[in-house]
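Asks: Residue numbers (the working numbering), protein chains in the order written: chain A, 31 to 173; chain B, -9 to 96. The C-beta atom is built at its ideal place from N, Cα and C for all residues, glycine as well.
1. For chain A, find out if any of its Cβ atoms is closer than 8 Å to the Cβ of residue 15 of chain B; answer yes or no.
2. Looking only at its own chain, which residues have a Cβ that is under 8 Å from the Cβ of residue 77 of chain B, when we skip the five neighbours before and after it?
3. Identify the residues that DSSP records as bridge partners of residue 1 of chain B: which are they?
4. Once the 5 residues before and after residue 31 of chain A are set aside, which same chain residues still bring their CB inside 6 Å of it?
5. Does the beta-carbon of residue 42 of chain B have 16 or more other beta-carbons within 10 angstroms, so that it is buried, or is it exposed?
6. Select from the segment 131 to 158 of chain A all residues with a C-beta closer than 7 Å to any C-beta belonging to chain B, and list them in chain order.
7. Taking CB distances under 8 Å as the criterion, tell me whether residue 39 of chain B reaches chain A.
8. Within the present structure, is the beta-carbon of residue 77 of chain B separated from the nearest heavy atom of the ligand GDP by less than 7 Å?
9. According to DSSP, simplified to helix, strand and coil, what is residue 52 of chain A?
10. Alpha carbon to alpha carbon, how far is residue 71 of chain B from residue 124 of chain A?
11. Going straight from the alpha carbon of residue 128 of chain A to that of residue 106 of chain A, what length do you get?
12. Examine chain B for any beta-carbon lying closer than 8 Å to the beta-carbon of residue 121 of chain A, and answer yes or no.
13. What residues from chain B crowd round residue 118 of chain A, counting only those whose CB sits closer than 7 Å?
14. Going along chain B, which residues have a C-beta under 7 Å from residue 127 of chain A?
15. Along the alpha helix (DSSP H) that carries residue 98 of chain A, what are the first and last residues, could you check?
16. Grab the span of the alpha helix (DSSP H) containing residue 34 of chain A for me, first residue to last.
17. Closer than 9 Å, Cβ to any Cβ of chain B: which residues of the segment 91 to 113 of chain A, in chain order?
18. For the putative contact between residue 47 of chain B and residue 114 of chain A, defined by C-beta atoms under 8 Å, what is the C-beta separation to the nearest angstrom?
19. Would DSSP call residue 89 of chain B helix, strand or coil?
20. Per DSSP, what kind of secondary structure is residue 60 of chain A in: helix, strand or coil?
21. With DSSP run on the structure shown, which of helix, strand or coil describes residue 71 of chain A?
22. Exposed or buried, what is residue 23 of chain B when buried is set at 16 or more other beta-carbons lying within 10 Å of its beta-carbon?
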């Protein structure tokens, strides 16, 4: 019933003559809508992009090389300082070692004094070179 | 532990002191150090190279004492900085420059 009240056309004979209430385009139609592709073809060329990337890469590698030179110089300084003080430290350790070795030889002589045919002291390898003692001891009071 | 000399006036050869003076020791004690290393290369037995070791140590301690007497304050600052930064040269450039200005190398 409401439809006929809303869509009433004066002078209609039956419901079948009701004007159609539709949502439609405005008079004259809608404005035209662009749906075609428009991808612009400007900007840097492939060669330009490649050269820019290659330039950035080579600049970066150059900076890496410079940084490596600087780091090598710093390391060389540290190692040269260590080389300079190495004899002092080694001499210190040698003195300590000789003292401890003498004590150890006396101890060995006392322990093995009743063993026949034991040459006390230097009972190390046969090559003739001096080798540091390989007792396998851990001596935390020294280290 | 960042002091150059002890109570009796003798230099203490700790790592920071030795590393601070390393460039001076390298130049002034080169003959003794080279002799010691040659002796070691010939025979690694510690008993055979004791005298050359004593010469090298005497030279190095002499350098430390001499540096301390010539430029006490820059040296103490440099040694303190090295002790704080665990012997990193790159973190003590300011003190190193002041020290080497007072007591130049060579």
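Replies: In brief:
1. Within the second chain, the letter at position 25 stands for residue 15 of chain B. At least one CB of chain A lies nearer than 8 Å to the CB of residue 15 of chain B.
2. Stepping through the second chain from its first residue, residue 77 of chain B is reached at position 87. Closer than 8 Å at the Cβ level, and outside the excluded window around residue 77 of chain B, lie 5, 6 and 9.
3. As a position in the second chain, residue 1 of chain B is number 11, starting the count at 1. In DSSP, residue 1 of chain B forms a bridge with B/-5.
4. By one-based count along the first chain, residue 31 of chain A stands at place 1. Excluding sequence neighbours, residue 31 of chain A sits near nothing in its chain.
5. On the second chain, position 52 is the one that residue 42 of chain B refers to. Answer is buried; the Cβ neighbour count reaches 16.
6. Residues passing the 7 Å Cβ filter: none.
7. Here residue 39 of chain B corresponds to residue number 49 of the second chain, with the count starting at 1. Interface residue, yes.
8. By its list of ligands, the structure shown contains no ligand whatsoever, and the ligand GDP lies outside what it can speak to.
9. Translated into positions along the first chain, residue 52 of chain A becomes position 22. DSSP, reduced to helix, strand and coil, places residue 52 of chain A outside both helices and strands of the structure shown, so it counts as coil.
10. On the second chain, position 81 is the one that residue 71 of chain B refers to. On the first chain, position 94 is the one that residue 124 of chain A refers to. Distance between the alpha carbons of residue 71 of chain B and residue 124 of chain A: 30 Å.
11. Numbered from 1 along the first chain, position 98 holds the residue referred to as residue 128 of chain A. Numbered from 1 along the first chain, position 76 holds the residue referred to as residue 106 of chain A. Approximately 33 Å, taken between the alpha carbons.
12. As a working note, residue 121 of chain A is residue 91 in the first chain. Yes, residue 121 of chain A lies at the interface with chain B (some Cβ there is under 8 Å from its Cβ).
13. Position 88 of the first chain, counted from the start, is the residue given in the question as residue 118 of chain A. Neighbours of residue 118 of chain A on chain B, chain order: 3, 8, 46, 47 and 50.
14. In the first chain, residue 127 of chain A corresponds to position 97, counting from 1. Listed along chain B are 36, each with a C-beta nearer than 7 Å to that of residue 127 of chain A.
15. Position 68 of the first chain holds residue 98 of chain A. Start and end: 76 to 141.
16. In the first chain, the residue the question calls residue 34 of chain A occupies position 4. Segment 32 to 36, the alpha helix (DSSP H) holding residue 34 of chain A.
17. Within the segment 91 to 113 of chain A, the qualifying residues are 104, 107, 108, 110, 111, 112 and 113.
18. Here residue 47 of chain B refers to the residue found at position 57 of the second chain. Here residue 114 of chain A refers to the residue found at position 84 of the first chain. That pair is no contact at about 13 Å.
19. Position 99 of the second chain, counting from 1, holds the residue named residue 89 of chain B. Residue 89 of chain B: helix per DSSP, three-state reduction.
20. If you number the first chain from 1, residue 60 of chain A lands on position 30. Correct three-state label for residue 60 of chain A: coil.
21. Numbered from 1 along the first chain, position 41 holds the residue referred to as residue 71 of chain A. When secondary structure is reduced to three states using DSSP, residue 71 of chain A falls in the coil class, being assigned neither helix nor strand.
22. As a working mapping, residue 23 of chain B is identified with position 33 in the second chain. Classification of residue 23 of chain B: buried, given that the 10 Å Cβ count is 16 or more.
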